[in-house]
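At position 99 of the sequence shown (counting the first as 1) the number is 102 in this note's numbering, and the numbers step up by one without a gap.
C-beta: ideal position from N, C-alpha, C; glycine also.
The model shown is predicted, which means the values in this text are computed figures rather than measured ones.
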Amino acid sequence: MQMQSKVSAFKISMLSALLSLGFVGCAATQNTSASKESNTKIQTIPVNAVSAQGVHDQIGTISFQDSDKGLVITTDLTKLSPGYHGFHIHEKGSCEPAEKDGKMGAALAAGGHYNPNQAPGHGTPNDGHLGDLPVLNVDASGNAKTQVIAPRLTLADIQGLSIMVHAGGDNYSDQPKPLGGGGDRVACGVIR
């Protein structure tokens, strides 16, 4: 019951932040540009499908822009499975597969969630690892064209890191499964 309350409070705070933010995070078509409205830099990166065999076709882009509410992350992704997906900033700037426990895994070279402050566990974007983001909602056609806010991050914080989409959802907890239960990594982009 406490987790439901925590998730509900988080959803309300994120909705309020998005409503007050408006359309600050309009996507840019170039790698970096300045927003005409605010002269704030927008950085756009390619995102690719990933598997244990490597990095595959590009499935879209993700843009980042600082705002007074935090880092605005705008997704323009396709070819994902419908539903909620774990969505995180990871500690290394790589989307390559790597070995763990004797088995190759998708994008494992990206390391774990970005957690420079050594937060004790996975949580919401307000209280967990700095790399913990709101879940990514993919529509019935496999598209994710949305904005989320990482209230404790800036564009400067994430340079040289990666952003990851996981196969499953994220319950913002380490229970019953670690790191929100998102599971395998299915899409990744390097933030340069």
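- Relative to ARG155, the option among ARG195, GLY96 and ASP130 whose CA is nearest is ASP130.
- When the beta-carbon positions are compared, LYS82 and GLY145 come within less than 8 angstroms of each other.
- Annotated three-state conformation of ALA101 is strand, per DSSP.
- It is roughly 24 angstroms from the alpha-carbon of PRO179 to the alpha-carbon of PRO119.
- With distances taken between CA atoms, LEU136 lies nearest to VAL151 out of PRO123, VAL151 and ALA147.
- Distances from the alpha-carbon of GLY114 to those of GLY185, GLN121 and ALA101 put ALA101 closest.
- Burial is judged here by how many other beta carbons sit within 10 angstroms of a residue's own beta carbon; ARG188 has at least 16 and is buried.
- Annotation for GLY108: ALA55, PRO100 and ALA101 place their beta carbon closer than 7 angstroms to its own, counting only its chain and skipping 5 residues before and after.
- DSSP places HIS132 in no beta strand (DSSP E); its state is neither H nor E.
- Judged by DSSP in its simplified three-state form, PRO49 adopts strand.
- Burial check for ASP104: the Cβ neighbour count within 10 Å stays below 16, so the residue is exposed.
- Ranked by Cα distance from ALA122, the first of SER176, GLY57, GLY186 and THR47 is SER176.
- Close CB contacts of LYS95 within its chain, under the 6 angstroms cut and outside five residues either way in sequence, are with ALA113 and GLY114 (chain order).
- Between ASN174 and ILE62, the alpha-carbon positions lie close to 25 angstroms from each other.
- Under the three-state reduction of DSSP output, GLY186 falls in the coil class, being neither helix nor strand.
- Taking all protein chains shown into account, ALA159 has fewer than 16 neighbouring C-beta atoms within 10 Å of its C-beta and is therefore exposed.
- Residue state for LEU139 is assigned as strand, using DSSP reduced to three classes.
- Following the DSSP letters along the chain, one finds ALA147 inside the beta strand (DSSP E) bounded by residues 147-153.
- Per DSSP, THR78 is one residue of the beta strand (DSSP E) stretching across 73-80.
- In the DSSP assignment, THR157 falls outside any beta strand (DSSP E) and carries neither an H nor an E.
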